[in-house]
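Trainee: Residue numbers (the numbering used here): 156 to 487.
Each residue gets a CB set at the ideal place from its N, CA and C atoms; glycine is no exception.
In this text, all values refer to a predicted model and were calculated from it rather than measured experimentally.
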């Protein structure tokens with residue numbers, strides 16, 4: 156900065172103002188200082204600046220699955236809120252459903268003294284999240300609702316989402332419905348299945364009306380595999396509809412139907428979850444439960460910044476209500 160000041164013929168304070176309070180410097184002087192910075196290839200030492208200020212200007216989002224457009228849409232909402240707050244950076248980390256990878260990221264982020272951590276955790280009740288918060292780094296849980304009040308959280312009512320999905324299928328005349336997803340290991344999927352069972356009960360159908368096609372993950376490939384298993388069931392017990400735990404699984408199932416010449420929705424009606432962009436663009440536009448993805452991300456950042464800056468902050472659990480978007484994959 157001293158070299159920049161000498162080259163531009165200004166004081167060190169003027170260089171500081173150009174970097175931090177440019178509105179205090181006349182346009183001509185600012186242009187001269189910026190030209191000197193360019194000539195000298197000056198780059199601000201942000202780490203030193205943050206150390207001196209005593210706070211980071213970096214937020215981080217540890218997402219559960221970077222290959223799922225749902226999480227990248229949530230991250231886009233976080234970027235919107237970070238931009239609106241001004242002078243904030245958002246780092247993205249992908250745990251890929253791996254607890255060890257998630258733990259490694261959390262350790263590095265805490266060491267880097269980020270201003271706060273947003274996370275869709277493998278386990279929302281993992282003790283490490285509370286430990287990080289107690290050591291002074293705010294944590295907001297995204298797309299999950301943890302027990303207790305250790306942190307703020309934003310989520311969607313997935314039980315309600317499952318209910319409206321299966322209620323729609325029942326209203327279309329379906330009495331045997333496949334549930335496609337890994338409900339044994341993912342809390343959100345477990346809630347969606349619970350909602351499906353509630354819808355069947357309300358319609359006077361027992362739990363045997365829901366046929367579980369359990370997957371190991373929530374990918375297009377898992378949906379294709381589930382479709383092959385479904386097609387292999389004897390006709391008298393084969394479901395006439397499928398509620399998929401997310402849109403990627405639903406799109407894979409749709410692909411298998413096309414490959415096996417099964418008509419959608421005549422042979423099999425399909426409902427997905429998330430309403431990612433590809434849902435409406437599928438060969439047969441996909442009925443899906445829409446989550447307010449960008450709003451989830453924006454709200455999470457707003458809660459995080461409130462905790463980081465407001466004295467006496469009280470943790471909040473924000474839960475949004477999903478809505479069903481009906482398209483051709485369920486309408487005969």
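Which of the three DSSP states, helix, strand or coil, is assigned to residue 339?
Mentor: Position 184 of the chain shown holds residue 339. Residue state, collapsed to three classes: coil.
Trainee: Taking the Cβ atom as the reference point for each residue, do residue 428 and residue 347 lie within a distance shorter than 8 Å?
Mentor: For the purposes of this step, residue 428 is identified with residue 273 of the chain shown, where counting begins at 1. For the purposes of this step, residue 347 is identified with residue 192 of the chain shown, where counting begins at 1. It is a contact, given that the beta carbons lie within the stated cut-off.
Trainee: If you run the structure through DSSP and keep just helix, strand and coil, what is residue 171?
Mentor: Along the chain shown, read from residue 1 onward, the residue named residue 171 stands at position 16. Helix.
Trainee: Assuming residue 494 and residue 245 make a contact with CB atoms under 8 Å, what is their CB distance in whole Å?
Mentor: An answer regarding residue 494 cannot be provided, because it is not within the stretch 156 to 487 covered by the chain.
Trainee: Rounded to whole angstroms, what is the Cα-Cα separation between residue 209 and residue 224?
Mentor: Reading the chain shown from its first residue, position 54 is the one you call residue 209. Reading the chain shown from its first residue, position 69 is the one you call residue 224. With a pLDDT of 49 at residue 209, under the threshold of 50, the modelled position of that residue is not reliable, and no figure is offered here.
Trainee: So residue 255 is in the alpha helix (DSSP H); what residue range does that whole segment cover?
Mentor: Residue numbering aside, residue 255 sits at position 100 when the chain shown is read from its first letter. Taken as a continuous stretch (DSSP letters only), the alpha helix (DSSP H) holding residue 255 covers 254–266.
Trainee: Expressed to the nearest angstrom, what Euclidean distance is found between the alpha-carbon atoms of residue 306 and residue 157?
Mentor: Within the chain shown, numbered from 1, the residue matching residue 306 stands at position 151. Within the chain shown, numbered from 1, the residue matching residue 157 stands at position 2. Taking the straight line from one Cα to the other gives about 44 Å.
Trainee: Compute the distance between the beta-carbons of residue 491 and residue 398, then report whether it is under 8 Å.
Mentor: Here the chain has residues from 156 to 487 only, and residue 491 is not among them.
Trainee: Could you check whether the stretch 421–435 touches the stretch 358–372, counting it as contact only if at least three pairs of C-beta atoms, one from each stretch, sit closer than 8 Å?
Mentor: With the cut-off at 8 Å, the stretch 421–435 and the stretch 358–372 do not touch.
Trainee: If I measure Cβ to Cβ from residue 293 and keep anything under 6 Å in the same chain, skipping five residues before and after, which residues do I get?
Mentor: Here residue 293 refers to the residue found at position 138 when the chain shown is read from its first residue. 271, 459, 462 and 463.
Trainee: Which residue wins for smallest C-alpha separation from residue 473, given the options 467, 480, 486 and 457?
Mentor: Reading the chain shown from its first residue, position 318 is the one you call residue 473. Taking only the C-alpha atoms, the option nearest residue 473 is 457.
Trainee: What whole-angstrom Cβ distance do residue 444 and residue 479 have, given they're in contact under 8 Å?
Mentor: To locate residue 444, count along the chain shown from 1; it is residue 289. To locate residue 479, count along the chain shown from 1; it is residue 324. Going by Cβ atoms, the distance from residue 444 to residue 479 rounds to 6 Å, so yes, they are a contact pair.
Trainee: First and last residue of the beta strand (DSSP E) that includes residue 219?
Mentor: Position 64 of the chain shown, counted from the first residue, corresponds to residue 219. Counting along the chain, residue 219 falls outside any beta strand (DSSP E), and DSSP gives it neither H nor E.
Trainee: Give me the Cβ distance between residue 423 and residue 396, rounded to the nearest whole Å; I'm assuming they're in contact under 8 Å.
Mentor: Your numbering for residue 423 matches position 268 in the chain shown. Your numbering for residue 396 matches position 241 in the chain shown. Yes, they are in contact, since the Cβ atoms of residue 423 and residue 396 sit about 7 Å apart, within 8 Å.
Trainee: Report the three-state DSSP secondary structure of residue 369 (helix, strand or coil).
Mentor: Numbered from 1 along the chain shown, position 214 holds the residue referred to as residue 369. Reduced to three states, the DSSP call for residue 369 is strand.
Trainee: Between residue 296 and residue 350, is the Cβ-Cβ spacing less than 8 Å?
Mentor: Residue mapping note: residue 296 aligns to position 141 of the chain shown, counting from 1. Residue mapping note: residue 350 aligns to position 195 of the chain shown, counting from 1. For residue 296 and residue 350, no; Cβs fall outside 8 Å.
Trainee: Per DSSP, what kind of secondary structure is residue 226 in: helix, strand or coil?
Mentor: Looking up residue 226 in the chain shown gives position 71. Three-state result, residue 226: helix.
Trainee: Is it buried or exposed, residue 385, if we count other Cβ atoms within 10 angstroms and call 16 or more buried?
Mentor: Here residue 385 refers to the residue found at position 230 of the chain shown. It is buried - the Cβ of residue 385 has at least 16 other Cβ atoms within 10 Å.
Trainee: Quick one, are the C-beta atoms of residue 419 and residue 409 less than 8 Å apart?
Mentor: For the purposes of this step, residue 419 is identified with residue 264 of the chain shown, where counting begins at 1. For the purposes of this step, residue 409 is identified with residue 254 of the chain shown, where counting begins at 1. Yes, they are a contact pair.
Trainee: Between which two residues does the beta strand (DSSP E) harbouring residue 445 extend?
Mentor: Stepping through the chain shown from its first residue, residue 445 is reached at position 290. Residue 445 -> beta strand (DSSP E) spans 442–445.
Trainee: Taking the alpha carbon of residue 253 as the point to measure from, which residue in 219, 230 and 393 has its own alpha carbon closest?
Mentor: Walking along the chain shown from the start, residue 253 turns up at place 98. Among 219, 230 and 393, the Cα nearest to that of residue 253 belongs to 219.
Trainee: Give me the residue from 442, 216 and 275 with the minimum Cα distance to residue 482.
Mentor: Within the chain shown, residue 482 is the residue found at index 327, counting from 1. Ranking 442, 216 and 275 by Cα distance to residue 482 puts 442 first.
Trainee: Give me, in chain order, the residues of the same chain whose beta-carbon lies closer than 7 Å to that of residue 471; leave out the 5 immediate sequence neighbours on both sides.
Mentor: As a working note, residue 471 is residue 316 in the chain shown. These residues qualify, in order along the chain: 307 and 458.
Trainee: How is residue 469 classed by DSSP in three states: helix, strand or coil?
Mentor: As a position in the chain shown, residue 469 is number 314, starting the count at 1. DSSP places residue 469 in coil when its eight states are reduced to three.
Trainee: Under a three-way DSSP split, which group does residue 159 fall into?
Mentor: Mapped onto the chain shown, residue 159 falls at position 4. Of the three classes helix, strand and coil, the one that applies to residue 159 here is helix, per DSSP.
Trainee: Closest to residue 184 by CA distance: which of 413, 228, 344 and 168 is it?
Mentor: For this step, residue 184 is matched to residue 29 along the chain shown. The shortest Cα separation from residue 184 among 413, 228, 344 and 168 belongs to 168.
Trainee: Within 10 angstroms of the Cβ of residue 198, are there 16 or more other Cβ atoms? Answer buried if so, exposed if not.
Mentor: If you number the chain shown from 1, residue 198 lands on position 43. Residue 198 is exposed by the Cβ-count criterion.
Trainee: Kindly indicate which three-state DSSP category residue 209 falls into: helix, strand or coil?
Mentor: Numbered from 1 along the chain shown, position 54 holds the residue referred to as residue 209. The predicted model places residue 209 with a pLDDT of 49, which falls under 50 and marks its position as unreliable, so this point remains unresolved.
Trainee: Rounded to the nearest angstrom, what separates residue 382 and residue 241 at their Cα positions?
Mentor: On the chain shown, position 227 is the one that residue 382 refers to. On the chain shown, position 86 is the one that residue 241 refers to. One C-alpha to the other measures close to 47 Å.
Trainee: Between which two residues does the beta strand (DSSP E) containing residue 309 stretch?
Mentor: Reading the chain shown from its first residue, position 154 is the one you call residue 309. Run containing residue 309: 307–311, per the beta strand (DSSP E) assignment.
Trainee: For a minimum of 3 consecutive residues, which ranges assigned as the beta strand (DSSP E) are wholly contained in the stretch 261–302?
Mentor: Within the stretch 261–302, the complete beta strand (DSSP E) runs of at least 3 residues are 271–274 and 294–297.
Trainee: Could you check whether residue 448 and residue 232 sit closer than 8 Å to each other, using their CB atoms as the reference points?
Mentor: Here residue 232 is taken as the residue at index 77 of the chain shown, counted from 1. Here residue 448 is taken as the residue at index 293 of the chain shown, counted from 1. Cβ atoms of residue 232 and residue 448: closer than 8 Å.
Trainee: Are the beta-carbon atoms of residue 446 and residue 341 separated by less than 8 Å?
Mentor: As a first step, residue 446 is located in the chain shown; it is residue number 291 there, counting from the start. As a first step, residue 341 is located in the chain shown; it is residue number 186 there, counting from the start. In this structure, residue 341 does not lie closer than 8 Å to residue 446 by Cβ.
Trainee: Among the residues of its own chain, which have a CB less than 6 Å from the CB of residue 235, if the five just before and after it don't count?
Mentor: If you number the chain shown from 1, residue 235 lands on position 80. Within the same chain, residue 235 has close Cβ partners 453.
Trainee: Could you tell me the alpha carbon to alpha carbon distance between residue 475 and residue 228, rounded to whole angstroms?
Mentor: Taking the first residue of the chain shown as position 1, residue 475 is located at position 320. Taking the first residue of the chain shown as position 1, residue 228 is located at position 73. In a straight line, the C-alpha of residue 475 is about 16 Å away from that of residue 228.
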